[in-house]
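Chemist: The opening residue of the sequence shown carries number 243 in the numbering used here; numbering runs sequentially from there.
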Amino acid sequence: MRHSTVHCKDWPCKQNMAKKLSDEQIAECREGFSLYSQGKNKVKTSDLAPLMHAMGQHCSESELKHIVTKLDSKGLGSFNFSHFLDFMATKMNGEDEDEELREAFRVFDIDRDGFITFCELRNIMSTLGLNLTDSEVQNMIREADKDLDGKISYEDFAGIMAVEENPKNEQ
Numbered sequence: 243m244r245h246s247t248v249h250c251k252d253w254p255c256k257q258n259m260a261k262k263l264s265d266e267q268i269a270e271c272r273e274g275f276s277l278y279s280q281g282k283n284k285v286k287t288s289d290l291a292p293l294m295h296a297m298g299q300h301c302s303e304s305e306l307k308h309i310v311t312k313l314d315s316k317g318l319g320s321f322n323f324s325h326f327l328d329f330m331a332t333k334m335n336g337e338d339e340d341e342e343l344r345e346a347f348r349v350f351d352i353d354r355d356g357f358i359t360f361c362e363l364r365n366i367m368s369t370l371g372l373n374l375t376d377s378e379v380q381n382m383i384r385e386a387d388k389d390l391d392g393k394i395s396y397e398d399f400a401g402i403m404a405v406e407e408n409p410k411n412e413q
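1) Using the C-alpha atoms, what's the distance from H325 back to N283?
2) Counting pairs of Cβ atoms below 8 Å between the stretch 288-308 and the stretch 269-280, do you hit three or more?
3) What do you reckon, are the CB atoms on F347 and G392 nearer than 9 Å?
4) Have a look at D319 and E305 and give me their C-alpha separation to the nearest angstrom.
5) Considering only residues of the same chain and omitting the five flanking positions on each side of I420, which have a CB-CB separation below 7 Å?
6) Is it true that the CB of M297 sits closer than 9 Å to the CB of E270?
7) What residue range is occupied by the uninterrupted alpha helix (DSSP H) comprising S279?
8) Ignore the nearest five residues each way along the sequence and tell me which others in V379's own chain have a CB closer than 7 Å to its CB.
9) Is DSSP giving K283 helix, strand or coil here?
10) Please check the pair F321 and D314, which I expect to be a contact at CB under 8 Å, by giving their CB distance rounded to whole angstroms.
11) Could you check whether the Cβ of E305 sits closer than 8 Å to any heavy atom belonging to the ligand SAH?
12) Could you give the distance in angstroms between the alpha-carbon of V285 and the alpha-carbon of G371?
13) DSSP three-state label for E341, please.
14) Who are the Cβ neighbours of Q267 in its own chain at under 7 Å, not counting the five residues just before and after it?
15) Answer with buried or exposed for T375, where buried requires no fewer than 16 other C-beta atoms within 10 angstroms of its C-beta.
16) Considering just the uninterrupted stretch of the beta strand (DSSP E) at N193, what are its terminal residues?
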């Protein structure tokens, strides 16, 4: 399976989440965004951490990487206010699908070390009634393991789940 990037049309902005924000919340987002946009309608992805902090959102490094993939799906190094507003709407309305994904990852990460290993994946698949061969489990890990360390990080897991949820985007 080839990996694809997640595009704006594939996440909640397509549902026009900003309509669920009050005028006050939109103004708060605009104010935070303008602190880092330098008079433009774009913010550099490198300014995401301080922007999120200014918005009262304290994110881990892995969360920031995940957010960047949502906001800057084309890898241009910046994102616009519209995408930021849609993203913040999911956060402010408690509709962040990321938490569900993290919960699913925790089910597989039995020892809570931040990685899904061969043994963990094989055990969970067996528990789910999927009696896979060692080769099949190894292929699953190989398919998801972007940094080739032999285990699946949260970022690897999120990437493969995004591809699975959006098969039409495969390239």
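The beta-carbon is built from N, C-alpha and C at its ideal position, and this holds for glycine as well.
Modeler: The answer reads as follows:
1) 11 Å
2) yes
3) no
4) The question names Asp, but residue 319 is Gly in the sequence shown. Those two C-alpha atoms are separated by around 17 Å.
5) This structure leaves residue 420 out entirely; the chain is present only between 243 and 413.
6) yes
7) D265 to S279
8) F360, L363, R364 and M367
9) A small correction: the amino acid at residue 283 is Asn; Lys does not occupy that position in the sequence shown. N283: coil per DSSP, three-state reduction.
10) 5 Å
11) No copy of the ligand SAH appears in this structure; indeed no ligand is present at all.
12) 47 Å
13) helix
14) M334
15) exposed
16) Since the displayed the chain opens at 243 and closes at 413, residue 193 lies outside it and no answer follows.
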